[in-house]
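If you count by the numbering used here, then the sequence shown holds residues 1 to 227, one letter each, in order.
Each residue gets a CB set at the ideal place from its N, CA and C atoms; glycine is no exception.
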Amino acid sequence: MQNIELNIANVRSEIRAAAKKHSRAADEITLLAVSKTKPASAVKIAADAGVTQFGENYLQEAVAKIESLEGLGIDWHFIGPIQSNKTRLIAQRFAWVHSVDRSKVLRRLSDQRESDTPLNICLQVNISGEASKAGVAPDALAELVSEARELPNLRLRGLMAIPAPETGFDRQFRTCATLRSCFERVHSCHPSMDTLSIGMSADLEAAIAAGSTMVRIGTGIFGARSQ
Ligand SMILES: *Cc1c(COP(=O)(O)O)cnc(C)c1O
1 MQNIELNIAN
11 VRSEIRAAAK
21 KHSRAADEIT
31 LLAVSKTKPA
41 SAVKIAADAG
51 VTQFGENYLQ
61 EAVAKIESLE
71 GLGIDWHFIG
81 PIQSNKTRLI
91 AQRFAWVHSV
101 DRSKVLRRLS
111 DQRESDTPLN
121 ICLQVNISGE
131 ASKAGVAPDA
141 LAELVSEARE
151 LPNLRLRGLM
161 AIPAPETGFD
171 RQFRTCATLR
181 SCFERVHSCH
191 PSMDTLSIGM
201 SADLEAAIAA
211 GSTMVRIGTG
221 IFGARSQ
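Written out as structure tokens, the structure is:
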């Protein structure tokens with residue numbers, strides 16, 4: 001049995017320590033707890049411990065949890081691969097989507113958003129080149145940003161990446177800094193963008209050093225996943 005409360009306290013103190021070390025303000029870094037494959041009861045424990053932002057990768061599983069945990073004030077973030085025929089449920093049930101990498105999906109999410117509040121969007125960037133198929137190529141990013149900004153029911157918040165796994169602070173930092181420089185390029189034209197979604201359990205410090213404003217932590221909070 002994992003001690004979820006203790007893990008959250010530890011992750012929060014790691015975030016504070018990394019922020020201090022790299023001259024960042026800890027309160028500009030949001031903790032997104034990634035609860036994929038974990039039961040609603042585990043999410044409830046984390047929510048009771050003060051976590052308000054949760055990330056899910058698999059739509060069916062996520063919707064079941066969202067329904068069973070209604071009323072807890074959770075903001076749900078979709079962070080998994082998106083099939084364009086599954087966008088409606090994402091547009092209806094989530095507050096954020098981090099994994100958008102093409103205009104067809106952007107347009108469908110905007111068309112299918114029925115809420116009065118816009119859907120928060122991070123565009124996923126492929127910063128590891130051929131190592132990953134997901135994500136928009138950095139040189140196609142500016143165009144996708146312009147498209148996202150024109151869609152009425154979306155609010156473009158920032159960029160997201162899932163770097164190929166690297167070991168060691170320096171290598172991790174260099175990868176995270178690639179996303180940071182993509183962000184700076186688009187941010188100079190679109191200063192309302194405020195989110196850099198990067199950093200997982202294994203590269204938390206490097207991501208914070210590179211400017212992350214949202215770290216996505218699964219294993220570090222809920223323990224290892226069996227699938
Ligand atoms: C699973 C997942 C995470 C969390 O990874 P951990 O290494 O368990 O912290 C973060 N982001 C995305 C997109 C994921 O799929």
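If you count every other CB in all the chains shown that lies within 10 Å of the CB of Cys189, and 16 or more means buried, which is it? Translated into positions along the sequence shown, residue 189 becomes position 189. Looking at its Cβ environment, which holds fewer than 16 other Cβ atoms inside 10 Å, Cys189 is exposed.
Could you check what DSSP says for Gly168 in three-state terms: helix, strand or coil? As a first step, residue 168 is located in the sequence shown; it is residue number 168 there, counting from the start. The answer is coil: DSSP assigns Gly168 none of H, G, I, E or B.
Looking at the structure shown, is His190 part of a helix, part of a strand, or coil, going by DSSP? The residue labelled residue 190 in the question sits at position 190 within the sequence shown. DSSP places His190 in coil when its eight states are reduced to three.
When you measure from the CB of Arg216 to every non-hydrogen atom of ligand 1, does any distance come out below 7 Å? Residue numbering aside, residue 216 sits at position 216 when the sequence shown is read from its first letter. Correct: Arg216 has its Cβ closer than 7 Å to ligand 1.
Leaving aside the five residues before and after Ile66 along the sequence, list all residues of the same chain whose C-beta is less than 6 Å from its C-beta, in chain order. Here residue 66 corresponds to residue number 66 of the sequence shown, with the count starting at 1. These residues qualify, in order along the chain: Trp76, Arg93.
Please name the residue or residues paired with Ser197 in a DSSP beta bridge. To locate residue 197, count along the sequence shown from 1; it is residue 197. Met160, Met214.
From Ser68 to Ile74, what distance separates their C-alpha atoms? Within the sequence shown, the letter at position 68 stands for residue 68. Within the sequence shown, the letter at position 74 stands for residue 74. If I take the Cα positions, the gap works out to 12 Å.
Kindly indicate which residue of Ser35, Ile4, Thr87 has the alpha-carbon position closest to the one of Arg216. Here residue 216 refers to the residue found at position 216 of the sequence shown. Of the residues Ser35, Ile4, Thr87, the one whose Cα lies closest to the Cα of Arg216 is Ser35.
How many Å lie between Ser212 and Thr195 at the Cα? Against the sequence shown, residue 212 aligns to sequence position 212. Against the sequence shown, residue 195 aligns to sequence position 195. Ser212 and Thr195: Cα-Cα distance of roughly 8 Å.
For Ala209, which residues in the same chain have their Cβ closer than 6 Å to its Cβ, ignoring the five residues on either side in sequence? By one-based count along the sequence shown, residue 209 stands at place 209. Excluding sequence neighbours, Ala209 sits near His22, Phe173.
Tell me the DSSP secondary structure of Ile45 in three-state form. The sequence position of residue 45 within the sequence shown is 45, counting from 1. Reduced to three states, the DSSP call for Ile45 is helix.
Check for me: the beta strand (DSSP E) holding Thr30 runs from which residue to which? Counted from its first residue, the sequence shown places residue 30 at position 30. Its beta strand (DSSP E) spans residues 30-34.
Cα-Cα separation between Pro118 and Glu61, rounded to whole angstroms: If you number the sequence shown from 1, residue 118 lands on position 118. If you number the sequence shown from 1, residue 61 lands on position 61. Cα-Cα distance, rounded: 23 Å.
Ile45 CB to nearest chain D CB: under 8 Å? The structure shown contains no chain D, having only a single protein chain.
Examine ligand 1 and report whether any of its heavy atoms sits within less than 7 Å of the Cβ of Thr167. Here residue 167 is taken as the residue at index 167 of the sequence shown, counted from 1. No, ligand 1 has no heavy atom inside 7 Å of this Cβ.
By the 10 Å Cβ neighbour count, where 16 or more other Cβ atoms means buried, how is Ala104 classified, buried or exposed? Numbered from its first residue, the sequence shown carries residue 104 at position 104. A quick correction: the sequence has Lys, not Ala, at residue 104. Around the Cβ of Lys104, a 10 Å sphere holds fewer than 16 other Cβ atoms; the residue is exposed.
Is it the case that the segment 151-158 contacts the segment 133-142, given that we only count it when at least three CB pairs across the two stretches are under 8 Å? The segment 133-142 is not in contact with the segment 151-158.
Please work out which residues of its chain come closer than 6 Å, Cβ to Cβ, to Cys176, disregarding the five sequence neighbours upstream and downstream, and give them in chain order. Position 176 of the sequence shown, counting from 1, holds the residue named residue 176. So the qualifying residues of the chain are Ile198, Ala206, Ala207, Ala210.
Quick check on Val100: does DSSP put it in helix, strand or coil? What you label residue 100 is simply residue 100 of the sequence shown in a count that begins at 1. In this structure, Val100 counts as strand in the three-state DSSP scheme.
Considering only C-alpha positions, which residue in the set Val186, Cys182, Ala224, Ser192 is nearest to Ala202? Locating residue 202 in the sequence shown gives position 202, counting from the first residue. It is Ala224 whose Cα lies nearest to the Cα of Ala202.
Given Leu89, which residues of its chain have a CB within under 7 Å of its CB, disregarding the five upstream and five downstream residues? Residue 89 sits at position 89 when you count from the first residue of the sequence shown. Only Leu59, Val63 meet the Cβ criterion.
Taking a contact to mean a Cβ-Cβ separation below 8 Å, would you say Asn57 touches Ile29 in this structure? For the purposes of this step, residue 57 is taken as residue 57 along the sequence shown, with counting starting at 1. For the purposes of this step, residue 29 is taken as residue 29 along the sequence shown, with counting starting at 1. Between Asn57 and Ile29, the gap from beta carbon to beta carbon reaches 8 Å or more.
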